[in-house]
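Beneath this line is the structure, given in C-alpha cells, with notes to follow.
Protein chains: 2
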Amino acid sequence: MSPGVTIKTVAQAVGVSPSTVSNAYNKPDQLSAALRERILSKAHELGYAGPDASARALRSGKAGAVGVLFTDKLAYAFSDPYAVGFLAGLAEVAEEFATSLLLMPLSSSDIQGGANAVRQAAIDAAAIFCVAGGHPALDMLKNRGIPMVSTDRGDHPDLSWVAIDEVEAAAKLGRHLARLGHRDLVVLVDNAEAAGSQPVELTLDEVGYTDCELRIRGLQKEMPDARIRLISGGHNAFSSGLAGAEWVLDSQHRPTAIVGLSDVQALGAMEAMKTRGLVPGKDLTVVGFDDIPAAGTAGLTTIRQPIKDKGRAVGRVLLDPEVKEHQLLLPTELVVRSSSGPAPRT
Amino acid sequence: MSPGVTIKTVAQAVGVSPSTVSNAYNKPDQLSAALRERILSKAHELGYAGPDASARALRSGKAGAVGVLFTDKLAYAFSDPYAVGFLAGLAEVAEEFATSLLLMPLSSSDIQGGANAVRQAAIDAAAIFCVAGGHPALDMLKNRGIPMVSTDRGDHPDLSWVAIDEVEAAAKLGRHLARLGHRDLVVLVDNAEAAGSQPVELTLDEVGYTDCELRIRGLQKEMPDARIRLISGGHNAFSSGLAGAEWVLDSQHRPTAIVGLSDVQALGAMEAMKTRGLVPGKDLTVVGFDDIPAAGTAGLTTIRQPIKDKGRAVGRVLLDPEVKEHQLLLPTELVVRSSSGPAPRT
DNA sequence: TCGTTTTTCTAGAACGATTTAGAAGAACGA
DNA sequence: TCGTTCTTCTAAATCGTTCTAGAAAAACGA
C-alpha cells in the first residue's frame, strides 16, 4: 500500500465521509451500489488495499485470530499426525468464522518468554493443546480475560475443555491386554528430559503430562497385578519410541507387551522389533493410542479417538457463541489389529 | 482483564502519566526501578495484564506476526514432514524476533475467501510456502505492501525467495537413474484434481505447481530418450503415493523405476510394492525427493534439501533487517540408499 | 557556585479505523 | 398536501497505545 493512504485519503478523493468508505468495505447494504463502486475503484486507483487490520482490531475489539498454544518446539509438536489432525479440524472451524490461527509454541526452556509472547499476542481466544496446567502462559491468558479451551480435562469446574475419558480409554486397552494374558508391560512415555540422552525408566510421579498419567492409571486399573514399567526415549516421536523400544528389547528382561502412549511411539517400537526379526502380535504385542492413519497400514492395535472432531469441537466452543456446552467428552474405541496377540506361555 | 482497565487507569491509580506506565512495560531503562516496581504491582492489583496488543500494533505499526501462506487444507499441508520441518525452522527465527506465526491456508475452492483473509490479517510479512504464483492472495499482499518471501524461485527480479535449484536437483536424480540403466519411469505428482478419485495420467502442462514442473524438466534433461509418464494419486501425501503406485503396479505396463516428487509419495509407493511382494531396489527402483527422516529408516534413495535451514532462511530474510541477500539458493545432495538399483535387463 | 549533562517524567498529538446518533432527502400512503 | 417511513450519508467521539519534544529535577565537573 502506498504509504499514508488511509480511509480518509480515499474519502477525500471521492468526496465522501470516512464512515462511508468504511461501510463500502464492511456494510455494503448501507450505501448505494453506485457509490460503493465508485469508492472501491478510487481506492484501487490510489493503491488502498482496504481497512488496516490493526486499527480495525483496536476499534472493534476483535482481533480475528485465535491462538494455538502447545508445549515444546514446533518440530516435536507436529511430528505427530495426531497434532496435525487436531489442527486441521480447528482450522476448518476457524475458516468458517473468518478467523486465523496464531501458532504459539511454549518452549519449555524459556517459560517467561512464552508467557510474554502470550501477553503480546492479538487474539480473541486460545486453544490449549496439551499444555500442562499451571503454566504461567495460562495465567496470563486468564488475566487478559481471553477465553480458552483445553484439550485436557481440568479440575476447575469453570474451565472449558474438549477431551476424552483418558482413564476409561486406557482401561479398554488394559482389558484387551489382560484378556490376552499379558502381565508384564512396558509403557513408552513422552518425556522432555529423556530427550537426547539414553532412554530412562520413570516413576508415575515423574511423568510430566496429565494425560499420560491418566492413561497409565487406566492401564493399572484393569491390570492390578501386572508388572508395568514406564520407559521414555524422549519427546513424543517415532524416534523416541524406536529408541525406547530398542533399549527394552536389548535389555535383560523383555516384557510380553509394549504400550505406546501415542501411535507414533508404538510405530517406533514396531520398527525396533522389525530390525530384530520379531513379529508384532506373535513374538511380542505392541499397542498404541490415537489411531493415526499410519496405524491402520501398520496393523497396530490402538485406541481410536476422533481427533479431527476434537479440533472442530474446540473451534466451535471457542468461536461459536451458540455453543453453550463448554465441557465435552468425546468417544473412544478399541481397534484391534494384528499387532496384539496372546502372551506366550512362560 | 477486568473490563475497562487501561494504561490510563493504572496511570491515574499510581499518580503518573500514561507514557510512564507504557515505559514501565516497554522501556524499563527510561524510569527509576522503584517507580517501575510500583507501577507493575499496582497494575497487577488492578488486574491489568499489560498493554493491549491491537492498540500497540496500531500505534507502532508492527503487528508482531508473520503470515504463513500455503495452498490447500491444513491437513494436506502438514501431512508432509517436509512442511513441518520448514515451519519448525521458521518458528525458530520467529521466536528469536518475538514474532508469532499466523497460519493462513488458502483453500483452492474459495480463492476469493483466501484473498480476503489475507487482506484482514494483521501481519508484518509473509512466507509463501508452495503457493502457485498469480494467486490473488499474493496480489493482495503486494497491494498492502507486505514484504514476502517465497519458497519457490519467481521470475520477477525483485521477488524474494529462498529455494533450491529444482532443475539441477532433479537432474542429479536423473543422472543416477540413467546410470543405473533406467529408461522407463513413472513420476508420482501432486495434483489437487486427482484427489478423491482414480489416479490419473497427466501431461506436463497439467502439472499445477511450478516446483513439480521444474523437477520433471530436470529429469527429462538427463534422460532425454526415456519414457516418462506422470501419474497423480491426489494431494501430496503418503496415501496418494500409495494409490498412484498401486494403479501403476497393477496396470499392463510396469516401469522400471518410480520417482516420487516428494518422499511421502515415494514411501507410499514402497508400501504398495511391499504388499505385492516386490523388493525396492531389486524388483523395481523407487526414489524420492526431500530426505525426510522416514526416508532414512525406509532406505529410500532421495534428494536431500536442507529443509529446516530453508525455514530459518525465510525467517531471516523476512525479519532480520541486516540480511541484505533476498534471493538464496540452498544446496541439495543425492542420497543413495537401498531403494534404487540397476534396471533389470529386458 | 554556575553552567552542562544526565536522568526521570509528562503533555498532547498521532495511529487508522468503527460506531452511534442523527441529518437530509427521497419515496410513500392517504 | 402533510406526516411518516426508508434510504443514504455524515460528524464526532472513541478504541488503547506509543511517540516526539521538551520540562523539571538531579548529578556532575571544574
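Sequence lines, in order, name chains Y and L. Per UniProt numbering, the very first residue in the first sequence carries number 1; after that it's consecutive. Per UniProt numbering, the very first residue in the second sequence carries number 1; after that it's consecutive. We put the CB at the ideal spot given by N, CA and C, even for glycine. Owing to the predicted nature of the structure, the values given are computational and were not obtained by experimental measurement.
Fewer than three Cβ pairs drawn from the stretch 79 to 93 of chain L and the stretch 53 to 65 of chain L lie within less than 8 Å of each other, which leaves the two stretches out of contact.
Boundaries of the alpha helix (DSSP H) harbouring L:Ser22: Pro18 to Asn26, taken from the DSSP string. L:Ser240 and Y:Ser239 have their C-alpha atoms some 24 Å from each other. At the C-beta level, L:Gly67 and L:Leu102 come within 8 Å of one another. In this structure, the alpha-carbon of L:Val286 lies about 41 Å from that of Y:Ser109. Within chain Y, the residues Gln120, Ala121 and Ala122 have their CB atoms less than 8 Å from the CB of L:Gly64, given in chain order. Y:Gly67 is bridged by DSSP to Y:Leu102 and Y:Ala126. The beta-carbon separation of L:Val5 and L:Leu40, rounded to 14 Å, does not stay under the 8 Å limit for a contact. Of all C-beta pairs linking the stretch 128 to 146 of chain Y to the stretch 171 to 184 of chain Y, fewer than three are shorter than 8 Å, placing the two stretches out of contact.
For the stretch 254 to 278 of chain Y, residues whose beta-carbon sits nearer than 8 Å to a beta-carbon of chain L comprise Glu271.
No residue range can be given for L:Gly134, since it is assigned to no beta strand (DSSP E) and is classified by DSSP as neither H nor E. Of all C-beta pairs linking the stretch 192 to 203 of chain Y to the stretch 216 to 235 of chain Y, three or more are shorter than 8 Å, placing the two stretches in contact. Under DSSP, L:Leu202 takes part in a beta bridge, and its partners are L:Leu230. Of all residues in the stretch 147 to 163 of chain L, none places a beta-carbon less than 9 Å from a beta-carbon of chain Y. Residue range Gln327 to Leu330 is occupied by the beta strand (DSSP E) that includes Y:Gln327, with no alpha helix (DSSP H) assigned at that position. According to DSSP, residue pairing for L:Ala257 in a beta bridge involves L:Leu185 and L:Thr285. Straight through space, the alpha carbons of L:Gly299 and Y:Val187 are spaced by roughly 28 Å. In the same chain as Y:Gln30, and ignoring 5 residues on each side of it, the C-beta atoms closer than 6 Å to its own belong to Asn23, in chain order. Residues of chain Y with a Cβ closer than 9 Å to the Cβ of L:Leu102 are, in chain order, Ala65, Ser100, Leu101, Leu102 and Leu103.
When only Cα atoms are considered, L:Ala49 and L:Asp152 end up about 41 Å apart. One finds Ala75 in chain Y with Cβ atoms closer than 8 Å to the Cβ of L:Gly85, taken in chain order.
Around L:Lys42, the same chain offers Val10, Ala13 and Val14 as residues with beta carbons nearer than 7 Å, after the five sequence neighbours per side are excluded.
Counting along the chain, the unbroken beta strand (DSSP E) around L:Ile303 starts and ends at Thr302 to Arg304. Per DSSP, the continuous alpha helix (DSSP H) segment holding Y:Leu173 begins and ends at Glu166 to Arg179. Flagged as an interface residue toward chain L: Y:Ser54, by a C-beta distance shorter than 8 Å. The Cβ neighbour count for Y:Gln305, taken over all protein chains shown within 10 Å, is at least 16; the residue is labelled buried. For L:Met148, the enclosing beta strand (DSSP E) has its first and last residue at Met148 to Ser150. Using a Cβ-Cβ distance cut-off of 8 Å, the stretch 91 to 106 of chain L and the stretch 308 to 328 of chain L are in contact, since at least three pairs of beta carbons, one from each stretch, lie closer than that value.
The C-beta of L:Ser79 comes closer than 8 Å to at least one C-beta of chain Y.
Identification of chain L residues near Y:Met140 by a Cβ-Cβ cut-off of 9 Å yields Ala49 and Gly50, ordered along the chain. Rounded to whole angstroms, the Cβ separation of L:Tyr76 and L:Asn191 is 12 Å, and the two are not in contact under 8 Å.
Under the Cβ criterion of 8 Å, Y:Ala91 is counted among the residues facing chain L.
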